[in-house]
Amino acid sequence: MKRQAYVRRILIEPDPLLHKVAKKVGDLELRMPLTQQLIDDMLATMYAAPGIGLAAPQVGVAKRIVVVHVGDDPQAHAIVNPVLSDFEGEVVAPEGCLSIPGKVGDVTRAERCRVSGLERNGKKTSFLAEGMLARCFQHEVDHLDGILILDKAQNIRDAVPVETPEKEREEEGNTSVARIEA
């Protein structure tokens with residue numbers, strides 16, 4: 079039987095839980111229905127926001143779980159107890175955060191990194207992430223360590239909606255999504 083996923087409330091800065099280090103998820107705990115429900119709910123919440131990543135502390139659960147779905151990747155990643163390593167390159171780019179709505183800041187991140195951890199079924203995984211996927215995993219793992227973009231970003235500013243041809247078509251009755259540029 080398929081579980082129903084629920085959209086949870088995203089905690090907003092300055093909620094103290096956002097600044098706490100999340101606890102590791104044990105093997106038995108990972109197999110529990112409540113943990114699997116949490117992962118389903120995190121995915122639903124991320125998509126509803128809309129966002130490209132979410133960490134369990136952002137929905138009020140101090141556990142080391144992240145979900146990420148970037149760009150044209152055919153599937154979302156749900157990684158438990160993620161560990162990042164093998165950092166390469168350095169890129170400064172604007173980042174936003176679902177827990178800090180309406181703000182962006184320029185954050186320095188590695189261009190590539192290795193992501194290791196457990197899939198939701200308990201199977202070990204390890205893969206190389208590049209570009210936006212690497213940036214997103216670094217951002218979400220920061221959340222697990224109680225670190226927000228406000229702690230790392232330069233030039234924090236308001237996110238400004240930009241009028242685009244997509245936005246103009248939306249206003250004419252066609253459905254599309256407007257971009258947000260920093």
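Numbering (this note's numbering), first residue to last: 79 to 260. Note that CB positions come from ideal geometry on N, CA and C, so glycine has one too. Computed from a predicted model, the values in this text were never measured in an experiment.
- Residue pairing of Cys191 in beta bridges, as defined by DSSP: Ala207.
- Cβ-Cβ separation between Val182 and Ala127: approximately 15 Å, too far for a contact (criterion under 8 Å).
- Looking only at Ala140, Leu108, Gly174 and Pro172, the smallest Cα-Cα distance to Leu222 is reached by Ala140.
- In the DSSP assignment, Ser163 forms a beta bridge with Arg192.
- Rounded to whole angstroms, the separation of the alpha carbons of Ala231 and Arg198 is 31 Å.
- Pro179 and Ile90 have their C-alpha atoms some 8 Å from each other.
- Ranked by Cα distance from Gly174, the options Gly200, Asp229, Arg190 and Val158 are led by Asp229.
- Here Met120 really is in contact with Val145; their C-beta atoms are around 5 Å apart, less than 8 Å.
- Ranking Arg192, Lys202, Ile234 and His97 by CA distance to the CA of Pro135 puts His97 first.
- Runs of alpha helix (DSSP H) with 4 or more residues, each lying fully within the stretch 106-194, are found at 111-126, listed in chain order.
- Contact annotation: Gly195 and Pro160 have beta-carbon atoms nearer than 8 Å.
- Where Asp229 is concerned, the enclosing alpha helix (DSSP H) starts and stops at Ile227 to Lys230.
- A direct Cα-Cα distance of roughly 19 Å separates Gly167 from Ile227.
- Each residue's CA atom was taken as its position, placing Arg235 and Glu107 some 40 Å apart.
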